[in-house]
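S.K.: Submitted below is the structure of interest, expressed as structure tokens.
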Amino acid sequence: MFSDISTFLKEEAEKRGIDLDEEVDMSEYENAKEKANSHPLTKMAYKYFQFVNDWLKSREEIITKQVDEFIKSAELGLDEETIQNNVKEFQDAIEVIQWYFTLIRVKIIRALHTKFDKTHVDDEFQYEQVNTSAKIALVGCERSLTAWKTLYDYLKEDEDKILTMLAYLDKLIKEINEEFPDVAEFKRPYFD
């Protein structure tokens, strides 16, 4: 199987005039990668990642305590539908935060790397790739902001930490919009 693919690859490369043994200059790509990784926006996204990671690890007890509060409300005979809605809202907020806190940084790095990489020959493709990645990061920040606001309403003893997250995300959203001016209006293919 592998030899068939290898033969196919060699034949196609020969037809197209591609030398498979030619050394590829990766310096432009590596420069763009380094610039993206050291960019202030990447550092901000990493700091948010660290905040959330630390918060999730250290707040397991607080989250469990809130779930216990929901159970107590049910035992006291409060409206079951309201309790179910509150539980769902709380769980959804945690899930949104867990889903996006790693993705935001990755998409920011990809958007910046693609923006700085001058090896692209198709400007339209590059524009779309940059803004698609930046849009995913922006949407992640916006949804996370809403999720943190939900947790703020439930986790009274953690209001200060959550306010810090809200302020940090607000700043991250502003920085994304500044670095990628078209991102807010950009329509992702097949999504927006």
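Counted from 1, the sequence shown has number 76 at position 76 by UniProt numbering; the numbering is strictly sequential.
Note that the Cβ used here is the ideal one computed from N, Cα and C, for glycine as well.
Just the C-alpha distance for Leu41 and Glu142, rounded to the nearest angstrom, thanks.
M.R.: Taking the straight line from one Cα to the other gives about 16 angstroms.
S.K.: So, do the stretch 109-126 and the stretch 141-155 have three or more beta carbon pairs nearer to each other than 8 angstroms?
M.R.: Cβ pair count under 8 angstroms is below three, so no.
S.K.: Output yes or no for whether 8 angstroms exceeds the beta carbon distance between Leu145 and Leu112.
M.R.: In this structure, Leu112 does not lie closer than 8 angstroms to Leu145 by Cβ.
S.K.: Using three-state DSSP, classify Met26 as helix, strand or coil.
M.R.: If DSSP states are grouped into helix, strand and coil, Met26 belongs with coil.
S.K.: In its own chain, which residues sit with a C-beta less than 8 angstroms from the C-beta of Ile176, not counting the 5 before and 5 after it?
M.R.: Once the five neighbours on either side are set aside, the close Cβ partners of Ile176 are Leu41, Ile108, Ala134, Ala137, Leu138, Cys141, Val183.
S.K.: Can you list, in chain order, the residues of its chain with a C-beta nearer than 6 angstroms to that of Lys10? Leave out the 5 residues immediately preceding and following it.
M.R.: There are no such residues.
S.K.: Roughly how many angstroms lie between the CA atoms of Asp192 and Met26, to the nearest whole one?
M.R.: Whole-angstrom Cα-Cα distance: 34 angstroms.
S.K.: Helix, strand or coil for Arg16 per DSSP?
M.R.: In the structure shown, Arg16 sits in a helix (DSSP, three-state: H, G or I).
S.K.: If contacts are defined as beta-carbon pairs under 8 angstroms, then Phe101 and Tyr154 qualify, I think. What distance do you get, rounded to the angstrom?
M.R.: About 18 angstroms; that fails the 8 angstroms criterion.
S.K.: Buried or exposed: Phe125, going by 16 or more other Cβ atoms within 10 Å of its Cβ?
M.R.: It counts as exposed.
S.K.: Following the continuous alpha helix (DSSP H) through Phe51, name the residue where it begins and the one where it ends.
M.R.: Start and end: 40-58.
S.K.: Taking 7 angstroms as the limit between beta carbons, can you name the residues of its chain near Trp55, skipping five residues before and five after?
M.R.: Cβ within range, chain order: Lys161.
S.K.: Out of curiosity, what's the CA-to-CA distance linking Asp122 and Tyr29?
M.R.: Roughly 15 angstroms separates the two Cα atoms.
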